[in-house]
Every structure is written in structure tokens, then in C-alpha cells.
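In what follows, a single structure is set out as C-alpha cells and then discussed.
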Amino acid sequence: MVSFKSSTQTIPETACVPRHVAIIMDGNGRWAQKRFLPRFAGHSRGVETVREAVRYCLSRKIGYLTLFAFSSENWRRSTEEVSLLMQLFSRALMQEVSKLKNNGVRLRIVGDLSRFDSELQALIRASEQKTEHNDKLTLTIAANYGGRWDIVQAVNRMAVERPEKQGEWAEEDLAPYLAMNYAPEPDLFIRTGGEERVSNFLLWQLAYTEFYFTDTLWPEFDFAAFDQAIVSYQKRERRFGRTSEQLAADKDEAAGDVDCSAGAKINA
Ligand code: IPE
Ligand code: IPE
Ligand code: MG
Numbered sequence: 228m229v230s231f232k233s234s235t236q237t238i239p240e241t242a243c244v245p246r247h248v249a250i251i252m253d254g255n256g257r258w259a260q261k262r263f264l265p266r267f268a269g270h271s272r273g274v275e276t277v278r279e280a281v282r283y284c285l286s287r288k289i290g291y292l293t294l295f296a297f298s299s300e301n302w303r304r305s306t307e308e309v310s311l312l313m314q315l316f317s318r319a320l321m322q323e324v325s326k327l328k329n330n331g332v333r334l335r336i337v338g339d340l341s342r343f344d345s346e347l348q349a350l351i352r353a354s355e356q357k358t359e360h361n362d363k364l365t366l367t368i369a370a371n372y373g374g375r376w377d378i379v380q381a382v383n384r385m386a387v388e389r390p391e392k393q394g395e396w397a398e399e400d401l402a403p404y405l406a407m408n409y410a411p412e413p414d415l416f417i418r419t420g421g422e423e424r425v426s427n428f429l430l431w432q433l434a435y436t437e438f439y440f441t442d443t444l445w446p447e448f449d450f451a452a453f454d455q456a457i458v459s460y461q462k463r464e465r466r467f468g469r470t471s472e473q474l475a476a477d478k479d480e481a482a483g484d485v486d487c488s489a490g491a492k493i494n495a
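Residue numbers (the numbering used here): 228 to 495.
What follows is the structure in C-alpha cells.
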């Protein structure tokens, strides 16, 4: 497995186009309520936005897209909404996987899958297997995912497999056990729907991620809205603990800020 550099251990290389975008897709319920529709209509519409976001990433050559679909706290919703969300998830997997396969997208699901019924678990495994040889875009769906769950499951597995290092475990010992060990840390985090919180998403992995919040509701987050997020990202100075002056000096050594000189600058 390729292992990616940790932003706290070494200064990662950054590029004009983020390598990895992680999104909290929020606002489906409000989108529906504004139209006097049931909340579920918003979730259903949200699946269309997922398709659009995948097309966007393929066209902009973003290598990793991670979408928060169901949090470990979303079980607190009504049993009706939870069960409709599970059905929607299964249906989307069945309908979309061949298209993903044909478009070079590798699908991965992260989260505590043990709480899903066995049919859904089998469907998840089969969907991942069908696309496992693709490498244009890795699409990760976080389902029954929680950032705290992720860290705790990683600690438990590390403790079992590396008992000899107890008392001396370091960041790099834990990192390989995290659910998204196959991806670089997100460069850009987007949350739609107006709330400005992390809601137990990728707590460990967001250490040096740039944050972007928008009032746009997920069902309305189109190509142009995604472009705006990237434009905002391209204006950021990613210092990773250094000063601006140090950053400018380091730029020549290719470990600098978001460098858009080589093209791919988005004008919106
Ligand atoms: C996000 O939309 C999707 C899930 C959490 C499953 P919401 O359902 O949270 O929509 P709002 O926040 O109520 O508008
Ligand atoms: C976060 O959205 C989880 C997902 C989008 C899957 P929520 O709508 O559940 O978050 P809170 O409860 O408002 O923080
Ligand atoms: Mg919400």
C-alpha cells in the first residue's frame, strides 16, 4: 500500500487543485421542507448531487472525494428516516456501481459497517470489489462513520498487533490503522447547508485541512458552487506551522503554498 505523508510529521506537497476533498453533505431536509416535500425527497435529490460531485472531481482531476453520508449519531433520527436512508443507500449502490466502474472510479465505504444488516454489508463488499482496480478517482462514502469511532478502533487494533510498543506508540504507529489509511489527508473540507461544525467527521485527518462553509443546501451544490469552493481554496496560504516568509523561501523547494502557476487555476 502507498503510504501518505502525515501533515504533522512532514510538510506535505500542495497543489493548485486539491488532491483530496472531503464533504459534509448537509441540508437535504431543509431543501425538501422549503418545497413542502417530505425530508426523504431531499435525500433522494441529494443522490443526484453526489453524481454531479463525482463528475466534477473527474473533470478537475481531483483524486480523492470523501462524502459523509450517515454519521454514527444519525441513528438518533426517527426509525422511518433511518430506514429510508438505508434503502436509498442500497439502491444507490446497486444502480451506480457499474457506472462508477466504467468511469474509472474506485468506491470505498468507511465506517462501522457491523451495524448494517447482512445484505447491505454484502452489497458494500461486492461494490468495493467491482471497482477495486480503478484509480482515476477514489470515492469514499462514510457510512455509520464517526471520527471518534475511527480513532478508537485504530487504537484497539494497534494495541493488539503492536503490544511490544505499549507506552511508546507514536502517530505513525496509529495512522496505518485508521479507516482512510489509503488516502492522503484531505486538502479541502466543505460543509454545505450553513452549519459551521465538524459533526464528528474525520477528526484525525482534518489536522491541517482548509475549511470551507457554504449556505448552499446539498441538493443545490452544483458545478459552479464546487468551483467557488476550489477558488476559495486556491487563495489560501497553507503554512503548516511556518511563517509566510518561510513559506516563500521554501516555495522553490516545491513544498510551498498552493501553487497555481502551472495552470489549473479556476476563474469563477
Ligand atoms: C444531510 O442532510 C444528510 C444526512 C445527515 C443523512 P440533513 O438530513 O441533515 O438535512 P438538514 O440538515 O435537516 O437540512
Ligand atoms: C452531519 O450532518 C452528518 C452527515 C451529513 C451525514 P447532520 O445534519 O447529521 O449534523 P448535525 O446533527 O446538524 O451536527
Ligand atoms: Mg443536517
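Cβ coordinates follow ideal geometry from the N, Cα and C atoms, glycine included.
Closest Cα partner of residue i within the set the options
| i | options | result |
| --- | --- | --- |
| D362 | F467, E323, I289, I378 | I289 |
| F297 | S286, R282, C284, M313 | M313 |
| E323 | I368, R303, E300, L340 | I368 |
| R342 | E359, R418, E300 | E300 |
| A280 | F467, A476, A456, K492 | A456 |
| R202 | G256, E399, Q380 | Only positions 228 to 495 of the chain appear in the structure, and residue 202 is not among them; the question remains open. |
| A386 | N371, A402, Y372 | A402 |
| V379 | P390, A370, D339 | D339 |
| L582 | N371, E395, H270 | Residue numbering for the chain in the displayed model covers 228 to 495; residue 582 lies beyond these limits and cannot be assessed. |
| P265 | L474, I251, E307 | E307 |
| I251 | R287, E395, T441 | T441 |
Spatial neighbours of residue i in its chain, beta-carbon cut-off 6 Å, leaving aside the 5 residues before and after
| i | result |
| --- | --- |
| F267 | L311 |
| T365 | Y291, R333 |
| Q393 | none |
| F231 | P411 |
| N330 | none |
| S471 | none |
| S354 | L320, V324, L334 |
| D344 | none |
| A452 | T443 |
Residue i, enclosing alpha helix (DSSP H) - first and last residue
| i | result |
| --- | --- |
| N329 | 306-329 |
| L294 | Unbroken run through L294 is the beta strand (DSSP E), 291-298; no alpha helix (DSSP H). |
| V458 | 450-461 |
| S471 | 471-478 |
| E399 | 398-401 |
Within 9 Å, strictly: CB atoms of residue i and residue j
| i | j | result |
| --- | --- | --- |
| L294 | A249 | yes |
| L433 | F448 | no |
| A259 | R272 | yes |
| A397 | V337 | no |
| L444 | G420 | yes |
| G374 | V425 | yes |
| L327 | T276 | no |
| S234 | Y409 | no |
| D377 | W302 | no |
Own chain partners of residue i with C-beta closer than 7 Å, once the 5 adjacent residues on each side are dropped
| i | result |
| --- | --- |
| S317 | L347, L350 |
| A482 | Residue confidence is low: A482 scores 48 on pLDDT, short of 50, so the model does not pin down where it sits. Its coordinate-derived value is still stated next. Cβ neighbours of A482 beyond the five flanking positions: I238, E240. |
| D253 | R418, T419, G420, E422, W445 |
| F450 | E279, Y283 |
| N427 | S298, S299, E300, G373, G374, R375 |
| A491 | C243, V244 |
| Y404 | A381, R384, M385 |
Bounding residues of the beta strand (DSSP E) (the contiguous stretch that carries residue i)
| i | result |
| --- | --- |
| Y439 | 437-440 |
| L415 | 415-418 |
Other residues of its chain near residue i: CB distance less than 8 Å, five sequence neighbours each side excluded
| i | result |
| --- | --- |
| Y460 | P245, D414, L415, E437, Y439, V485 |
| N494 | V458 |
| E399 | S233, Q236 |
| R262 | A268 |
| C487 | C243, Q461 |
Cβ of residue i within 9 Å of any chain C Cβ
| i | result |
| --- | --- |
| W396 | The structure shown contains no chain C, having only a single protein chain. |
Return the chain-ordered ranges of every beta strand (DSSP E) run that is complete within the region 333-379 and spans a minimum of 3 residues. Here the runs fully enclosed are 364-372.
Pick out the complete beta strand (DSSP E) segments inside the region 242-285, 3 residues or longer, and give them in chain order. With a minimum length of 3 residues, the continuous beta strand (DSSP E) runs that stay inside the region 242-285 are 247-251.
Using only Cβ atoms and a threshold of 7 Å, which residues come within that distance of a heavy atom of ligand 5? Order them by chain position. Only ligand 1, ligand 2 and ligand 3 can be found as ligands here, which leaves ligand 5 out of the picture.
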